[in-house]
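Novice:
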Amino acid sequence: MAEIHIYVLQSPRILMDNQLIILPYKKAEALLYYLAIEKKVTREHAAALLWDTCEEATAKKNLRHALYTIRKTFHMDLIISSDRHSLCLNPEINFSVDYDVFRRDKKIDMYGEGLLNDFYVKNAYLYEEWMTWKRNQTRDSYLKLLEEQLQCTDVLSEAQGEALFEKYMREDSLDEQAYYNLMKIYEKQQSYYKGVRLYQRLSATLNMELKVAPGSEVRRLYEEFLEHIEQENGKSQIEEIPESRKETVKKIQNAFGQFMGGKPQSVLLTGESGSGKTYLMEQLLKKIRTQDIICIKTICMETEQYMEMQSWNIAFMQLAEVIKKKKIYIEEKYLQAVNEMFPFFKEEITESLLLESRSVYGRRAFRNLLLHFLIQAAKQIPLVLFFDNIQYMDETSADFLSLLIRTNNSRVMVLLTASEHYTERLKKYIPVLVREKYISRVSIAPFTKEDVEQIAENKLGKQRVNKELIKWLYEESEGNAFFLEMLLNECEKGNYKVGDPSYLQKLLKEQLDALSRETRQVLELIACCQVWADMDSLEHILQMDSLSLLERIDELKEKGFICEKVREGQIRFYICHGNMGKFVHEQMPPSKIRVFHSRLAEYIESQPSYDSSLKQRLIYHFTFCGNRAKVLKYKIYSLAEYSGKFYELYPVHTSSWNKGAFSDENILEECQKLEQEVLELHQQEPENKEYVRLYILLLQTEAQYCIPQGYYERGVECVEKALLTNDAYEKNRLVTCQCLRFLIYHQLNVWELKDTPRCMKMALQVAREGEYRQEQAVIERLCGLYLSMIGEFSKSMEYLEKSLNYFQSQPLKSRIYALNISACYNYMGENMRKTKQFFRAIEYYEKSAKVCEDNQCTCNAVVYSNLGRTYFAMGQMEKSRQAFYKAEKLYEESFTLIGRSMTKAYIALLAAESGEWEQAVLSIQEAEETAWQLASPYTLGILNGVKAKLKREYGQVLGFVLEDEAECYEEQAWKYLEKIPGAYESENVKRKNINDPNPI
């Protein structure tokens, strides 16, 4: 006899002998599910449930057909008539229904997704009512089972309680009793920090949903947890800590306790190199790692201080593993941004974008999206970030760190160590954060003489310690923890001579001299590496066989010189302490330093590909080996890659409140220095065309930075110099095409279109001659935009179709194709909107957004802004509002300037109409600021038109920000819009007579 499995609590389905059976139509399936749950039903009731809109005779006929369909599908009578008027499942067939197991055995795991989840029957209102009632009944039974088990606090482990609680939360996140039960489990396990976090979660949920606070019973338990935490922090001291350090340790522990209690905390521990800062922080981290938090540690290396975002590169690499392991949910757009910057989150790294397509993620966009990424991860599990030796942190990393700390997020704690004196890079960030109390600064001094005595007694025993030994240890180590540990190790072995003032230097040198020539060479080569070395590079440069090399490495590990770690599936070797690495490097002869760095550079250069960090390593090694030309080459390559990654070919918002957050001057200064150097080298070797190519790339890089930042004059000057240099020396068509494209972007952005046809004609000709089909398609798209701007809409559509046909014919391996397709649709939509074909315009805008959505890339905000303007023109204000607010959100994440002012202006108008005066004032002020940055006549015309309407209708409220009369704004709007083809908005401000106070 066949076995029938019916699942109504999992994904609804029916299996016969483990084979999925699909019934021809839903109502037959619905009847079978009903009988599986209720077991019996009258024919009349069954007909009424599923065919309540039909006549009685028709309903009964449909029921008979459903029964026949079930019998035919299963080739047996699953449903029989127990009597003449009733239906039930055939008792002779072996039925297994998960609902029955759940009810009978009280197995909560059987509940799954709820009763008949996502199952819908069309035109069966009574059946839907029954499903709703039955779902609620089953859900109540499920919650009751969960509550009963959660109340068994004496027998449940912490993990079991958390699993039950999360199941309960999926069904009812507002039940205080469930929170209280889990907090009692935490109390039993003494997991007070978790209890505090749980209370905060409850408080936030109740406030958001109901605007109420937790009840007194839960609040009392929370207060008890806080008292326990305070008591623990008072008792918990790191063992054998010297007296002078105890207060420092207590401060750091208290800060962590406050963080776990829900207060934002960041701590900076400062002290001399080797004073034990890292050791103290690591002791705290050992305790932290016992909590349910994410803990990430990054060491900032002196040799990496000029490598952009290197500190965060290491941090995100670790975070990637944690997120995968703990299955933390991160939104796709944030994952995509992180993967663009640090490709650890996807198996396939996204192909690099063309410069033009970087409008998706500009420098500020990356910054904001990375920030959202961290906050979203921390929202699920608290995040502790430890950066060691931040005096070596690169400026971009420090800038982003400052931004993160300023969010004052209670779910993110930042721990920092640094030397007593800040570098010039950090002076812009750390002192300000300390002064504004975003960071608590704690200082650690070298060990006192009393500390040295206590440490020596703990290490050697009191009987072996005397005043003469303490005096020698203190004077020789100067209270430095690293050197003191070395001396004590020698004392423990008996290898010391009290009174020798240069013993430490001798000790370090003796340790080096004790190594064999081959072993010392291995150590010296590792010391020459910026951070780490791997087996391949050591074998290649030293020409050693693997076994011999492994023997030397094992010897160095045994003697404490190096340690071995696995990173990204690769074995890497590190010098154990920075001071030792410096000492080894300083002891090497200059000739050996030069050779080793030269070999390392050649090895890295020979690798099949390298990212920006490896370019920085090449700069480092070529600097040491004195190869000025190579240093210049990789500095320009690195700057070009950086500029292309972070600066968009759209103007970028640079308002006063965030302009100072970025050191724009540094990039321009660096470009000037490199330009002088490459010209100097070219004068020395005028026949070397490599310098010409580098000079052109540098000029393009500077233009890539200047144009989106609004430094138009300098950016255009760089492009023109690049074109002249290329024509004189290289005649590289691709360079010509790229430079012309830069000029076209600038002209279109600022509406200076006089020279645009000539540039476009040249660019198209060069692209065709060079068979640069992709460049040609991009230029054709820009031709379409230009023609739209001058009112030749039909010709515009022709060029856009050409561009679109090319990009649609290519496989969408890269986001550049998707972005260009999206841009084509957007410009097509603009043609339709300007000619008042609004419905067709909407179709194009929606296509534009969908292309980006389908290819997991962020749609340009201007698409939604244009969509909002279209709905506004059609009088569909709610849809217009939604589109504008979506555009505004994207603008805040991307800082793209095009369309921003228009969007802000319309939002101000919509906010005023809703009585949201504060929003209206803020939006109109932002619109004013950004409009003049772009100085587009269309933008200024729209802005003045909106200001006229606001002044005329809401002048009493908004008069303080709109000082001129409405007529004055209307005149300005008309002046800007009257000559712009397709600017139908001018109709709203066109006047009968300039002196007539009443507009048409």
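FYI, in this note's numbering the residues of the sequence shown are 961 to 1960.
From the three backbone atoms N, C-alpha and C, an ideal C-beta is built for every residue, glycine too.
On a predicted model such as this, the values are computed, not experimentally measured, just so you know.
1) If you count every other CB in all the chains shown that lies within 10 Å of the CB of L1609, and 16 or more means buried, which is it?
2) Ordered along the chain, which non-local residues of its own chain (more than five positions away) have a Cβ less than 8 Å from that of R1701?
3) Where does Y985 land, buried or exposed, given buried means 16+ other C-beta within 10 angstroms?
4) Could you name the residues of the same chain whose beta carbon sits closer than 6 Å to that of A1621, not counting the 5 residues immediately before and after it, in chain order?
5) Check whether the stretch 1148-1157 touches the stretch 1124-1136, counting contact only when three or more Cβ pairs, one atom from each stretch, lie closer than 8 Å.
6) In this structure, does DSSP put C1451 in helix, strand or coil?
7) Would a C-beta distance cut-off of 8 Å place I1256 and Q1340 closer than the cut-off?
8) Say whether the stretch 1270-1283 touches the stretch 1356-1369, bearing in mind that this needs 3 or more beta-carbon pairs closer than 8 Å, one atom from each stretch.
9) Keeping to the same chain, check which residues put their C-beta closer than 7 Å to that of D973; ignore five residues upstream and five downstream.
10) Which same chain residues, not among the five before or five after I1198, have their C-beta less than 6 Å away from its C-beta?
11) Reducing DSSP to helix, strand and coil, say where S1226 ends up.
12) Tell me the DSSP secondary structure of M1373 in three-state form.
13) Relative to the C-alpha of M1834, which candidate in A1821, Q1797, A1868 has its C-alpha closest?
14) At a cut of 8 Å, does the stretch 995-1010 reach the stretch 1043-1060 through at least three beta carbon pairs?
15) Rounded to whole angstroms, what's the CA-CA distance from L1334 to T1377? Just pull it up for me.
16) For the beta strand (DSSP E) containing S1046, list its first residue and its last residue.
17) Just to confirm, is the Cβ distance from R1205 to L1229 under 8 Å?
18) Just reading off the beta strand (DSSP E) that C1743 is part of, what are its end residues?
19) Q1530 lies in the beta strand (DSSP E); which residues open and close that run?
20) Per DSSP, which residues does D1348 bridge with? Please list them.
21) Mind checking whether E1484 and F1556 have CB atoms under 8 Å apart?
22) Using three-state DSSP, classify I1522 as helix, strand or coil.
23) Looking only at its own chain, which residues have a Cβ that is under 8 Å from the Cβ of Q1109, when we skip the five neighbours before and after it?
24) Measure how close the beta-carbons of I1404 and G1236 come, nearest whole angstrom, since I'm counting them as under 8 Å.
25) Kindly list the residues whose CB is nearer than 6 Å to the CB of N1141, restricted to its own chain and excluding five residues on each side of it in sequence; keep chain order.
26) Express the C-alpha separation of E1731 and E1515 in angstroms, rounding to a whole number.
27) To which residues does DSSP link D1494 through a beta bridge?
28) Let me confirm a value: L1684 is counted as buried when at least 16 other C-beta atoms fall within 10 Å, else exposed. Which label applies?
29) Can you give the Cα-Cα distance for H965 and E1089, rounded to whole angstroms?
30) Let me know the secondary structure DSSP gives L1315 once reduced to three states.
31) Can you tell which of K1691, V1695, G1675 has its C-alpha closest to the C-alpha of Q1707?
32) Ordered along the chain, which non-local residues of its own chain (more than five positions away) have a Cβ less than 7 Å from that of S1362?
33) Out of A1887, R1841, W1892, S1861, which has the shortest C-alpha to C-alpha gap to A1871?
34) Using 8 Å as the threshold, is the C-beta distance between A1843 and S1861 below it?
35) Look at F1753 and T1795 and say whether their C-beta atoms are less than 8 Å apart.
36) Using CA atoms only, rank isn't needed, just tell me which of E1147, L975, W1432, Y1182 is closest to G1121.
Specialist: Considering the structure as presented:
1) What you label residue 1609 is simply residue 649 of the sequence shown in a count that begins at 1. Legend: pLDDT at L1609 = 44, less than 50; position of this residue unreliable, value from coordinates given subsequently. Answer is buried; the Cβ neighbour count reaches 16.
2) Here the question's residue 1701 lines up with position 741 in the sequence shown. Only E1316, A1723, E1735, V1738, I1739, L1742 meet the Cβ criterion.
3) By one-based count along the sequence shown, residue 985 stands at place 25. Exposed.
4) Mapped onto the sequence shown, residue 1621 falls at position 661. With a pLDDT of only 32 at A1621, under 50, the local geometry of the prediction cannot be trusted, and no value is derived from it.
5) no
6) Along the sequence shown, read from residue 1 onward, the residue named residue 1451 stands at position 491. If DSSP states are grouped into helix, strand and coil, C1451 belongs with the helices.
7) By 1-based counting over the sequence shown, the position of residue 1256 is 296. By 1-based counting over the sequence shown, the position of residue 1340 is 380. Not a contact, by the Cβ cut-off of 8 Å.
8) yes
9) As a position in the sequence shown, residue 973 is number 13, starting the count at 1. First, the residue type needs correcting, since residue 973 is Arg and not Asp in the sequence shown. The residues are Y967, L980.
10) Counting from one through the sequence shown, the residue named residue 1198 turns up at place 238. Here the model assigns I1198 a pLDDT of 44, short of 50, so the residue's position is not dependable and the matter cannot be decided.
11) Position 266 of the sequence shown, counted from the start, is the residue given in the question as residue 1226. If DSSP states are grouped into helix, strand and coil, S1226 belongs with the strands.
12) Mapped onto the sequence shown, residue 1373 falls at position 413. Here M1373 sits in strand by DSSP.
13) Counting from one through the sequence shown, the residue named residue 1834 turns up at place 874. Closest option to M1834, Cα to Cα, is Q1797.
14) yes
15) Counted from its first residue, the sequence shown places residue 1334 at position 374. Counted from its first residue, the sequence shown places residue 1377 at position 417. Cα to Cα, the separation comes out at about 21 Å.
16) Start at 1 with the first residue of the sequence shown, and residue 1046 comes out as number 86. Where S1046 is concerned, the enclosing beta strand (DSSP E) stretches over 1046-1049.
17) In the sequence shown, residue 1205 corresponds to position 245, counting from 1. In the sequence shown, residue 1229 corresponds to position 269, counting from 1. No, the pair does not count as a contact, with Cβ atoms beyond the cut-off.
18) In the sequence shown, counting from the first residue as 1, residue 1743 sits at position 783. First-last for C1743: 1733-1749, but that is the alpha helix (DSSP H), not the beta strand (DSSP E).
19) Locating residue 1530 in the sequence shown gives position 570, where the first residue counts as 1. 1530-1535 is the extent of the beta strand (DSSP E) around Q1530.
20) Numbered from 1 along the sequence shown, position 388 holds the residue referred to as residue 1348. Note: D1348 sits in a beta bridge opposite I1259.
21) Taking the sequence shown and counting its residues from 1, one reaches residue 1484 at position 524. Taking the sequence shown and counting its residues from 1, one reaches residue 1556 at position 596. Yes, these two residues count as a Cβ contact at 8 Å.
22) Along the sequence shown, read from residue 1 onward, the residue named residue 1522 stands at position 562. In the structure shown, I1522 sits in a strand (DSSP, three-state: E or B).
23) Residue numbering aside, residue 1109 sits at position 149 when the sequence shown is read from its first letter. So the qualifying residues of the chain are I1068, L1116, L1124.
24) Along the sequence shown, read from residue 1 onward, the residue named residue 1404 stands at position 444. Along the sequence shown, read from residue 1 onward, the residue named residue 1236 stands at position 276. Right, the Cβ-Cβ distance comes to about 7 Å (below 8 Å), so this counts as a contact.
25) Translated into the one-based positions of the sequence shown, residue 1141 becomes position 181. Closer than 6 Å at the Cβ level, and outside the excluded window around N1141, lie L1110, Q1111.
26) Translated into positions along the sequence shown, residue 1515 becomes position 555. Translated into positions along the sequence shown, residue 1731 becomes position 771. Going by the C-alpha atoms only, they are around 59 Å apart.
27) Reading the sequence shown from its first residue, position 534 is the one you call residue 1494. According to DSSP, D1494 bridges with R1532.
28) As a working mapping, residue 1684 is identified with position 724 in the sequence shown. Label assigned to L1684: exposed.
29) Walking along the sequence shown from the start, residue 965 turns up at place 5. Walking along the sequence shown from the start, residue 1089 turns up at place 129. In a straight line, the C-alpha of H965 is about 25 Å away from that of E1089.
30) Sequence index remark: in the sequence shown, residue 1315 carries index 355 (1-based). Any reading at L1315 must be qualified, since the residue scores a pLDDT of 31, below 50, and its modelled position is unreliable; the value itself is stated next. Residue state, collapsed to three classes: helix.
31) Locating residue 1707 in the sequence shown gives position 747, counting from the first residue. Selected option, being the one with the closest Cα: G1675.
32) The sequence position of residue 1362 within the sequence shown is 402, counting from 1. Y1389, L1393.
33) Taking the first residue of the sequence shown as position 1, residue 1871 is located at position 911. The option with the nearest alpha carbon to A1871 is R1841.
34) For the purposes of this step, residue 1843 is identified with residue 883 of the sequence shown, where counting begins at 1. For the purposes of this step, residue 1861 is identified with residue 901 of the sequence shown, where counting begins at 1. For A1843 and S1861, no; Cβs fall outside 8 Å.
35) For the purposes of this step, residue 1753 is identified with residue 793 of the sequence shown, where counting begins at 1. For the purposes of this step, residue 1795 is identified with residue 835 of the sequence shown, where counting begins at 1. Yes.
36) Position 161 of the sequence shown, counting from 1, holds the residue named residue 1121. It is E1147.
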